[in-house]
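*Asks:*
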């Protein structure tokens, strides 16, 4: 199963769904596709679209997914990476009314630079990016959260 995650942002992200649906209809994607669409209104006869799902369901869907195709939001990308999933991320863009700004481009570039993910962008064929998942071995993601807490704790002890 392929999981598509659009997150919970109030603006629509139909551009990604149109590309996924095209690949499914052309037979390039053969697996079942489940979409967490959030506020994006979209109807499809080939995609299983769920507006919102609770944490437990999302956790299960991510666990079962062979590939996670997601908006480039930090939470969605990191959740998939922590499960060891191959991730294709796409930035929501301001010029298409998908977000208020283009901060997802910066997030995307950091994850790409560190070789954690693959990405899909304007003018690219998502099918070609998906082909790369067969040989792509993502660098495992390690959160620096515990290290930051330790540094902060040490700082507070000295203050």
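In UniProt numbering, the protein residues as written are 1 to 159. C-beta atoms are modelled at their ideal positions from N, C-alpha and C, and glycine is treated no differently.
Leaving out the 5 sequence neighbours to the left and right, which residues in its chain are closer than 7 Å to residue 108 when beta-carbon positions are compared?
*Replies:* Same-chain partners within the cutoff: 72, 89, 91 and 119.
*Asks:* Considering only residues of the same chain and omitting the five flanking positions on each side of residue 63, which have a CB-CB separation below 7 Å?
*Replies:* Cβ neighbours of residue 63 beyond the five flanking positions: 83.
*Asks:* Taking the beta strand (DSSP E) that residue 117 belongs to, which residues open and close that run?
*Replies:* Neither: residue 117 is in no beta strand (DSSP E) and is coded neither H nor E.
*Asks:* Sorted by chain position, which residues of the same chain lie with C-beta nearer than 7 Å to residue 114's C-beta, five sequence neighbours on each side aside?
*Replies:* Around residue 114: 139.
*Asks:* Per DSSP, which one or two residues make a beta bridge with residue 36?
*Replies:* According to DSSP, residue 36 bridges with 5 and 50.
*Asks:* In whole angstroms, what separates the C-alpha of residue 10 from that of residue 105?
*Replies:* Straight-line Cα distance between these residues: approximately 18 Å.
*Asks:* Go ahead and pull the three-state DSSP assignment for residue 71.
*Replies:* In the structure shown, residue 71 sits in a strand (DSSP, three-state: E or B).
*Asks:* Inspect the CB distances between the stretch 31–44 and the stretch 118–135 and report whether three or more fall short of 8 Å.
*Replies:* Touching, no.
*Asks:* Can you tell me whether residue 40 is buried or exposed, with buried defined as 16 or more other CB within 10 angstroms of its CB?
*Replies:* That one is buried.
*Asks:* Can you tell me which residues form a DSSP beta bridge with residue 89?
*Replies:* Residue 89 is bridged to 70 and 119.
*Asks:* In the DSSP assignment, the alpha helix (DSSP H) including residue 20 goes from what residue to what residue?
*Replies:* Here the alpha helix (DSSP H) through residue 20 covers 14–25.
*Asks:* Quick check: the Cα distance between residue 8 and residue 51, rounded to an integer number of angstroms?
*Replies:* For residue 8 and residue 51, the distance between alpha carbons rounds to 9 Å.
*Asks:* Is it buried or exposed for residue 111, if we count other Cβ within 10 angstroms and need 16 for buried?
*Replies:* So residue 111 counts as buried.
*Asks:* Please look up how many angstroms separate the CB atoms of residue 3 and residue 77, rounded, as I've assumed it's under 8 Å.
*Replies:* Not confirmed; about 13 Å, so no contact.
*Asks:* Sorted by chain position, which residues of the same chain lie with C-beta nearer than 7 Å to residue 1's C-beta, five sequence neighbours on each side aside?
*Replies:* Hits under 7 Å: 31, 32, 34, 64, 65 and 66.
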